[in-house]
Amino acid sequence: MTTTAAADPLVGLTVLERGWLSSNNLVIHPAPGEPGAVLVDTGHSHHADQTLALLQRTLGHTPLARIVNTHLHSDH
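For the sequence shown, my numbering gives the first residue as 13, with consecutive numbering after it.
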């Protein structure tokens, strides 16, 4: 019986980690041929400037193609 190693599931992922209640975000970097990266959860609007700065530093010139919000809160 032969086995093959599974691809590392963390390759191509970046976690934008911040303090408690600041909302962490996940960036899925595009595979070759994909139109751009995916941002999972945008975070609280009070942290928009920080989120944009972290995305710019993480993505550089790679475009952001999609945003996926997994949940919402009625207060933000």
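A virtual CB, placed ideally from N, CA and C, is assigned to each residue, including glycine.
- With contacts defined by Cβ atoms closer than 8 Å, Leu76 and Leu67 form a contacting pair.
- Counted as a single uninterrupted DSSP element, the stretch harbouring Leu84 is not any beta strand (DSSP E), since DSSP gives it neither H nor E.
- Its Cα nearest to that of Gln62, the residue Asn36 stands out among Asn36, His73, Ile40 and His83.
- C-alpha of Arg78 to C-alpha of Leu38: approximately 12 Å in a straight line.
- For the options Val23, Leu28 and Gly48, the alpha carbon positioned closest to that of His73 is the one of Gly48.
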